[in-house]
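First residue of the sequence shown: 7, per the working numbering; consecutive thereafter. We put the beta carbon where it would ideally sit given N, CA and C, even for glycine. First the structure, in the form of structure tokens, and then the observations on it.
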Amino acid sequence: LICPCIPKIMSAKKLTFITGNPNKAKECSAIFNEKSSKLPNALNVYNYDIDLEEIQGTPYEVAYAKCKLAAENTKGPIIIEDVSLCFNALGGMPGPYIKWFLKTAKNKGLVAMLDAYKDKSAVAMCCMAFTEGKGKKITVFEGKTKGTIVPARGKNDFGWDPIFQPEGYKETYAELDDDIKNKISHRRQAVEMLRDFLADKMDVL
């Protein structure tokens, strides 16, 4: 028998993050389950690595297409993200191709791309796409952080963080404490939007 005075314990829900980086999944779980969260259940995010075809297009189009491909190869609700670094002087490039620019040109080369321009402003963008599964609607959330491209400063262990100085700060992403960076990051903003979206849809997880 169950005593009626004992409140019902809501079981935790599960969401799969298509990524090879388990730290991204942990970061999402932490944001989903903050005290300020409106989610009625705990939501645990797990990473699952799939080698997806590289797609060309706008950040939104790339995230949408990657989510559709991933859903065809997995079961249940999933999220994927596509991160862009957009130089305003270059009309938004490298954008979603930043991974390949960084791999070939390195941070020094990325900074040099703006040598001929007075405008060093940039936008860090995270497009996070969600779907309940194969054939289901795909929804994309865009998180953006404005900043400036500067010569590399700080630890060099996380992509282009050393050359991106977020607006309102004197430090680059790489120089900021992780707690501060995670509160202002482009990924944080996208995850918060997704969290609010899921608040009334926990039954699909």
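For residue 215, is the classification buried or exposed, using 16 other Cβ atoms within 10 angstroms of its Cβ as the cut-off for buried? Past the boundaries of the shown model lies residue 215; the chain is included only from 7 to 211, so the question cannot be answered.
Ordered along the chain, which non-local residues of its own chain (more than five positions away) have a Cβ less than 6 Å from that of residue 73? 86, 135, 137 and 144
Run through the stretch 13-85 for me and flag every whole alpha helix (DSSP H) of 4 or more residues, listed as ranges in chain order. 28-38 and 65-77
Could you tell me if residue 113 is buried or exposed, where buried requires 16 or more neighbouring beta carbons within 10 angstroms of its beta carbon? buried
Same chain, Cβ closer than 8 Å to residue 35, five either side skipped, listed in chain order: 49, 50 and 51
Which ranges does the alpha helix (DSSP H) cover as unbroken runs of at least 4 residues, wholly within the stretch 94-126, from first to last along the chain? 104-118
To the nearest angstrom, how far is it from the Cα of residue 159 to the Cα of residue 140? 43 Å
Between which two residues does the alpha helix (DSSP H) harbouring residue 203 extend? 192-204
List the endpoints of the continuous beta strand (DSSP E) containing residue 178. Neither: residue 178 is in no beta strand (DSSP E) and is coded neither H nor E.
For the putative contact between residue 147 and residue 196, defined by C-beta atoms under 8 Å, what is the C-beta separation to the nearest angstrom? 5 Å
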